[in-house]
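The structure under discussion appears below in the form of structure tokens.
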Amino acid sequence: MASAVLPSGSQCAAAAAVAAPPGLRFRLLLLLFSAAALIPTGDGQNLFTKDVTVIEGEVATISCQVNKSDDSVIQLLNPNRQTIYFRDFRPLKDSRFQLLNFSSSELKVSLTNVSISDEGRYFCQLYTDPPQESYTTITVLVPPRNLMIDIQKDTAVEGEEIEVNCTAMASKPATTIRWFKGNTELKGKSEVEEWSDMYTVTSQLMLKVHKEDDGVPVICQVEHPAVTGNLQTQRYLEVQYKPQVHIQMTYPLQGLTREGDALELTCEAIGKPQPVMVTWVRVDDEMPQHAVLSGPNLFINNLNKTDNGTYRCEASNVVGKAHSDYMLYVYDSRAGEEGSIRAVDHAVIGGVVAVVVFAMLCLLIILGRYFARHKGLFSLTSSPRIK
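When you line the sequence shown up against mature numbering (1 follows the signal peptide of the UniProt record, and there is no 0), it's residues -44 to -1, 1 to 343, in that order.
Printed below as a string of structure tokens:
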């Protein structure tokens, strides 16, 4: 905001304008204010304005305020120095300008449906002696017209690096773009293009994906003074990965494999895409003839020691293949029973010892109390008589 006064020599021109016929008076006053040379005012300035920042399409309010009013004429001019309001009269044929207040101390005007072309300096003029002038700057903010995100590949493979681009078009000023993968912020590289006072920002993100990223959103978030809250767009990652294989023993439940027992193993394979083929092999040997294969399940009945070895489950998809191993060791048929008998024997012996110790303690306590009670009697009986 700046202020100025007209030179004091303008008094004669002002007097001539006032004395002119009514039809010519208004034109002379406008010409006087528009053509006068501007010089700093110093301490005598009474006219004040404030800069205005407004979002495109909203309403801007311009106020010309007089500190010490002497009923002088106030007028408002646009950046082209065309008069918008002279006192309470509007010469400019733009109905978007509406008078909000007019008095000797203020001229307040609203401008509706603001566009980028309305940006610039608006001048307030006060017809004093000497005349005074002050300007206010209208700044128009334009939010991004469109926000687009583009991923280089719709489907990526784990370990692959992909390119993601986000574009915020036609904003003023330029937007700031931030990247997030889920809740984790990432760093991208932005480029700004300017065209006709408008800015288009494109940000590039290079992202190495892992199987844990499958289904996680990549978010492009825009920060701009004309935007309240979060303006964002997102795309969900689709990541393919090789199978993860796990072998589960479903029988026997206690996990001890003995001669004559049965063994059942289940192979669990998860991947993207889901593996369609799961196979069982015996490492470094052939599968036992009495083994039964049914999809992901391996069943071996009537185990014997010749079945000892490593059994492998293999799964594959378009990304790759993986496997998991189970090492089988067949124990003697009585291995578990002997262990149980030994455990029972030890428990019985321990119980008997505990009972004996407890009985001996009780006997010692009873004997101790008995001797303590009859101690005096024994002493009296055993003493010699004195004649």
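Glycine included, every Cβ here is placed at the ideal spot set by N, Cα and C.
Quantities reported herein were computed from a predicted structural model and do not represent experimental measurements.
Here ILE40 is buried: its Cβ has 16 or more other Cβ atoms, across all protein chains shown, within 10 Å. Taking THR111 as the centre and dropping the five residues before and after it, the same chain places the C-beta of GLU194, GLN196 closer than 7 Å to its C-beta, in chain order.
When DSSP states are grouped into helix, strand and coil, GLY307 belongs to the helix group. In this model, GLN245 and HIS202 are separated by some 24 Å (Cα to Cα). If you draw a 10 Å sphere on the C-beta of THR262, you find fewer than 16 other C-beta atoms in it, and that means exposed.
Under the 10 Å beta carbon count, GLU141 is surrounded by fewer than 16 other beta carbons and is classified as exposed. Bounds of the beta strand (DSSP E) holding ARG191 are 187 to 192. With respect to GLU119, LYS164 sits apart: the two C-beta atoms are not nearer than 9 Å. In the same chain as ILE11, and ignoring 5 residues on each side of it, the C-beta atoms closer than 6 Å to its own belong to LEU97, ALA182, in chain order. Taking C-beta atoms under 8 Å as the contact rule, LEU56 and LEU3 fail to qualify, at a distance of about 18 Å.
In the structure shown, the three-state DSSP call for ASP106 is strand.
Assignment of MET233 by DSSP, reduced to helix, strand and coil, places it in the strand class. In chain order, THR266, ARG268 place their CB closer than 6 Å to the CB of VAL239, counting only its own chain and leaving out the 5 sequence neighbours on each side.
Annotation: THR189 to SER73 spans about 30 Å, alpha carbon to alpha carbon.
CA-CA distance, SER146 to SER127, rounds to 15 Å. In this structure, the alpha-carbon of SER280 lies about 32 Å from that of PRO173. In the structure shown, TYR285 falls within a coil segment according to DSSP collapsed to helix, strand and coil.
Across the set GLY216, THR158, ARG191, ASN258, the C-alpha of ARG191 shows the shortest separation from the C-alpha of LYS109.
Less than 9 Å separates the beta-carbon of LEU67 from that of ARG52. Within 10 angstroms of the beta-carbon of TYR285 lie fewer than 16 other beta-carbons, which makes it exposed. In the structure shown, MET243 falls within a coil segment according to DSSP collapsed to helix, strand and coil. Residue pairing for PRO173: DSSP places it in a beta bridge opposite TYR192. Note that the C-beta distance between PRO199 and SER272 is below 9 Å.
Contact between VAL29 and SER61 is ruled out by a C-beta separation of about 13 Å, above the 8 Å threshold. Non-local C-beta neighbours of VAL148 in its own chain, meaning closer than 7 Å and more than five positions away in sequence, comprise ALA130, TYR155, VAL157, ordered along the chain. Taking a contact as a CB-CB distance under 8 Å, the pair LEU212 and TYR287 counts as one, their CB atoms being some 7 Å apart.
If you draw a 10 Å sphere on the C-beta of VAL309, you find fewer than 16 other C-beta atoms in it, and that means exposed. Rounded to the nearest angstrom, the gap between the Cα atoms of ILE18 and LYS49 is 18 Å.
If you ignore the 5 residues before and after ARG77, its C-beta comes within less than 6 Å of the C-beta of PRO35, TYR91, THR93, all in its own chain and listed in chain order. In the displayed model, GLU147 falls within a strand according to three-state DSSP. The alpha-carbon separation between TRP135 and VAL274 amounts to approximately 31 Å. The secondary-structure analysis by DSSP pairs SER250 across a beta bridge with ASN253. Taking 9 Å as the cut-off, the beta carbon of GLN177 is found closer than this to the beta carbon of LEU187.
Distances from the CA of GLY251 to each of LYS277, GLU270, LEU219 were compared; the closest alpha carbon is that of GLU270. Contact between ALA225 and VAL234 holds: their C-beta atoms lie close to 5 Å from each other, under 8 Å. Taking a 10 Å sphere around the C-beta of CYS80, we find 16 or more other C-beta atoms and assign the residue as buried.
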